[in-house]
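Under our numbering, the first residue of the sequence shown carries the number 17, and numbering increases by one thereafter.
Backbone N, C-alpha and C fix where the C-beta goes; we use that ideal spot for every residue, glycine too.
Source: prediction; values computed, not measured.
Working notes for the structure below.
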Amino acid sequence: MGAITSTILLLKPGDHIICDESVYGGTIEYLNKIGIPRNLLTADFIDFTDLNNLKSALKPETQMILFESPSNPLLKLVDIAEAVKITKAHNKDILIVADNTFMTPYFQNPFKFGVDIVVHSLSKYINGHHDVVMGAIVINDSKYCDHFSSMQKIVGAVPSPFDCYLVTRGIKTLHLRMKRHYKNALAVAKFLEKHPCVEKVLYPALESHPQHEIHKKQAIGMSGMIAVYLKGEEKEATAFLEALQVVTIAGSLGGCETTVTLPALMSHENIPREHRIKVGITDGLIRLSIGLEDIEDLIADFDQALKHAILDKN
Ligand SMILES: Cc1ncc(COP(=O)(O)O)c(C=O)c1O
Numbered sequence: 017m018g019a020i021t022s023t024i025l026l027l028k029p030g031d032h033i034i035c036d037e038s039v040y041g042g043t044i045e046y047l048n049k050i051g052i053p054r055n056l057l058t059a060d061f062i063d064f065t066d067l068n069n070l071k072s073a074l075k076p077e078t079q080m081i082l083f084e085s086p087s088n089p090l091l092k093l094v095d096i097a098e099a100v101k102i103t104k105a106h107n108k109d110i111l112i113v114a115d116n117t118f119m120t121p122y123f124q125n126p127f128k129f130g131v132d133i134v135v136h137s138l139s140k141y142i143n144g145h146h147d148v149v150m151g152a153i154v155i156n157d158s159k160y161c162d163h164f165s166s167m168q169k170i171v172g173a174v175p176s177p178f179d180c181y182l183v184t185r186g187i188k189t190l191h192l193r194m195k196r197h198y199k200n201a202l203a204v205a206k207f208l209e210k211h212p213c214v215e216k217v218l219y220p221a222l223e224s225h226p227q228h229e230i231h232k233k234q235a236i237g238m239s240g241m242i243a244v245y246l247k248g249e250e251k252e253a254t255a256f257l258e259a260l261q262v263v264t265i266a267g268s269l270g271g272c273e274t275t276v277t278l279p280a281l282m283s284h285e286n287i288p289r290e291h292r293i294k295v296g297i298t299d300g301l302i303r304l305s306i307g308l309e310d311i312e313d314l315i316a317d318f319d320q321a322l323k324h325a326i327l328d329k330n
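See below:
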């Protein structure tokens with residue numbers, strides 16, 4: 017979170033930021049509870065999957081746009097090259113910030129499309145072992161160095177030497193882990209897509225993903241993140257989570273072990289139900305972070321838990 021806060025603090029009072037409405041909840045909370053009420057900036061939250069929304073939101077005082085692609089938890093994509101083109105045509109000085117946590121530099125490089133600043137939660141794939149909380153800001157222009165080195169001290173986002181050691185150790189296997197996350201997740205997504213207890217699967221590398229063409233244009237693979245709409249509501253979704261034996265219920269993601277969340281009751285429980293449902297976070301939505309286990313074990317576990325929670329109950 018310190019990485020994103022430090023990046024937003026590049027803005028001056030009176031500046032305007034446009035954020036994808038799907039960005040990490042902590043960013044929205046920072047803007048709504050600190051940035052906006054203290055008149056540090058003004059902000060608009062829009063849906064970047066339709067870039068006409070971006071065109072209409074750009075103002076003379078806009079100085080930054082911020083988005084994630086793919087987003088958490090619905091795996092919505094932003095056409096990065098198009099978003100950059102539209103923004104820079106309006107004003108070439110607007111800073112474009114992309115959160116690349118769900119892809120890692122192994123599968124997607126936002127700088128290639130003209131993004132100015134890339135942020136990562138290192139707690140996820142880059143460290144990869146669920147044992148560090150850390151973030152990174154990646155820049156390709158040294159003019160931001162002074163700002164970020166002083167912000168690190170002011171905001172307090174200074175990691176411990178041991179955490180840095182763990183992250184550098186994790187990075188050494190990033191390429192191997194990402195290949196396996198992709199292979200496992202693709203197999204799980206294909207399995208779930210055909211399962212009688214599943215309504216819909218959202219995984220950018222599947223042809224059925226509504227933005228599959230954008231995925232192919234800007235990424236060379238996909239991580240282990242999958243969104244699944246079960247045939248059922250909160251009761252069935254909870255029963256599914258409780259029936260899992262290999263897979264762990266946990267909010268974190270991007271580690272070796274497969275984890276599952278029910279966003280309606282976990283990460284998004286404080287968001288009014290009406291608003292949640294409107295953006296697609298229904299009571300039966302499950303978010304999976306597929307790990308590095310043997311694929312047969314994962315598929316068998318999902319299959320038995322789905323049958324137990326949905327088929328056997330009807
Ligand atoms: C896409 C994305 N960005 C940033 C964060 C914040 O990460 P951290 O908990 O490491 O501060 C998260 C956390 O879930 C995330 O999913």
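Can you check which of these residues, the options, is closest to residue i by C-alpha distance?
{"i": "Gly30", "options": "Gly41, Val39, Glu37, Lys75", "result": "Lys75"}
{"i": "Val149", "options": "Glu309, Ala255, Gly18", "result": "Gly18"}
{"i": "Pro175", "options": "Ala152, Asp95, Asn116", "result": "Ala152"}
{"i": "Phe129", "options": "Leu190, Asn116, Ser165, Arg292", "result": "Asn116"}
{"i": "Leu278", "options": "Glu309, Gln79, Thr23, Leu246", "result": "Leu246"}
{"i": "Val100", "options": "Leu90, Pro121, Asn68, Pro89", "result": "Asn68"}
{"i": "Leu70", "options": "Gln168, Pro220, Glu37", "result": "Glu37"}
{"i": "Ile62", "options": "Ile81, Val244, Gln168", "result": "Ile81"}
{"i": "Asn125", "options": "Phe178, Leu138, Thr103, Ile96", "result": "Ile96"}
{"i": "Ile20", "options": "Lys210, Val171, Asn286, Glu209", "result": "Val171"}
{"i": "Asp313", "options": "Cys180, Leu192, Asp60, Val262", "result": "Val262"}
{"i": "Glu84", "options": "Pro121, Val39, His211", "result": "Val39"}
{"i": "Thr120", "options": "Arg193, Asp179, Cys180", "result": "Arg193"}
{"i": "Ala266", "options": "Arg303, Ile287, Asp60, Asp179", "result": "Arg303"}
{"i": "Leu57", "options": "His228, Gln79, Ser72", "result": "Gln79"}
{"i": "Asp60", "options": "Leu190, Ile34, Thr43", "result": "Ile34"}
{"i": "Ile311", "options": "Lys323, Arg196, Cys213", "result": "Arg196"}
{"i": "Lys329", "options": "Cys213, His228, His225, Thr264", "result": "Cys213"}
Taking 7 Å as the cut-off, is the CB of residue i close to at least one heavy atom of ligand 1?
{"i": "Asp115", "result": "yes"}
{"i": "Tyr40", "result": "yes"}
{"i": "Asn88", "result": "yes"}
{"i": "Asp151", "result": "Before going further, note that residue 151 is Gly rather than Asp in the sequence given. Correct: Gly151 has its Cβ closer than 7 Å to ligand 1."}
{"i": "Met17", "result": "yes"}
{"i": "Ser371", "result": "As displayed, the chain neither begins before 17 nor continues past 330, which places residue 371 out of reach and without an answer."}
{"i": "Glu84", "result": "yes"}
{"i": "Phe118", "result": "yes"}
CB-CB under 6 Å to residue i, same chain, minus the five flanking residues each way: which ones, in chain order?
{"i": "Ile155", "result": "Ile133"}
{"i": "Phe118", "result": "Pro86, Ser239, Met241"}
{"i": "Glu249", "result": "Asp299, Gly300"}
{"i": "His284", "result": "Arg292, Ile297"}
{"i": "Lys140", "result": "Thr117, Leu269, Gly270"}
{"i": "Ala325", "result": "Glu252, Ala255, Phe256, Ala259"}
{"i": "Glu209", "result": "Val217"}
{"i": "Leu90", "result": "Ala243, Gly296"}
{"i": "Phe127", "result": "Asn156"}
{"i": "Asn107", "result": "none"}
{"i": "His32", "result": "Thr58, Lys75, Glu77, Thr78"}
According to DSSP, is residue i helix, strand or coil?
{"i": "Val154", "result": "strand"}
{"i": "Met264", "result": "According to the sequence as given, residue 264 is Thr; it is not Met. In the structure shown, Thr264 sits in a strand (DSSP, three-state: E or B)."}
{"i": "His284", "result": "coil"}
{"i": "Ala114", "result": "strand"}
{"i": "Ala259", "result": "helix"}
{"i": "Thr78", "result": "strand"}
{"i": "Leu246", "result": "strand"}
{"i": "Leu27", "result": "coil"}
{"i": "Met167", "result": "helix"}
{"i": "Lys159", "result": "helix"}
{"i": "Ser137", "result": "strand"}
{"i": "Cys180", "result": "helix"}
{"i": "Met241", "result": "strand"}
{"i": "Lys199", "result": "helix"}
{"i": "His231", "result": "helix"}
{"i": "Leu190", "result": "helix"}
{"i": "Glu312", "result": "helix"}
{"i": "Lys216", "result": "strand"}
{"i": "Val276", "result": "strand"}
{"i": "Arg303", "result": "strand"}
Once you ignore the five residues that flank residue i on each side, which residues in its own chain have a CB closer than 7 Å to its CB?
{"i": "Gly271", "result": "Gly144, His145, His146, Gly307"}
{"i": "Asp319", "result": "none"}
{"i": "Ser305", "result": "Gly240, Met241, Leu269, Gly270, Thr274, Thr275"}
{"i": "Leu25", "result": "Met167"}
{"i": "Leu138", "result": "Val148, Met150, Gly151, Ala152, Val183"}
{"i": "Phe14", "result": "Outside the shown range of the chain, which is 17 to 330, sits residue 14, and nothing can be said about it."}
{"i": "Asn55", "result": "Pro29"}
Tell me which residues share the same chain as residue i and place their Cβ nearer than 8 Å to its Cβ, disregarding the 5 neighbours each side in the sequence.
{"i": "Leu260", "result": "Val276, Asp317, Phe318, Ala321"}
Any heavy atom of ligand 2 inside 7 Å of the beta-carbon of residue i?
{"i": "Gly307", "result": "In the structure shown, ligand 2 is absent; the only ligands present are ligand 1."}
*Hey, is the region 128-145 in contact with the region 180-189, meaning 3+ C-beta pairs nearer than 8 Å?*
Enough Cβ pairs lie closer than 8 Å, so yes.
_When you compare the region 102-111 with the region 223-237, are there three or more beta-carbon pairs, one atom per stretch, that lie closer than 8 Å?_
With a cut-off of 8 Å, the region 223-237 and the region 102-111 do not count as touching, because too few Cβ pairs lie within range.
*If you pair each beta-carbon of the region 200-210 with each one of the region 46-62, do three or more pairs fall below 8 Å?*
No: fewer than three Cβ pairs fall under 8 Å.
_Quick check: the region 192-200 against the region 155-165, are at least 3 beta-carbon pairs closer than 8 Å?_
Short answer: they don't touch.
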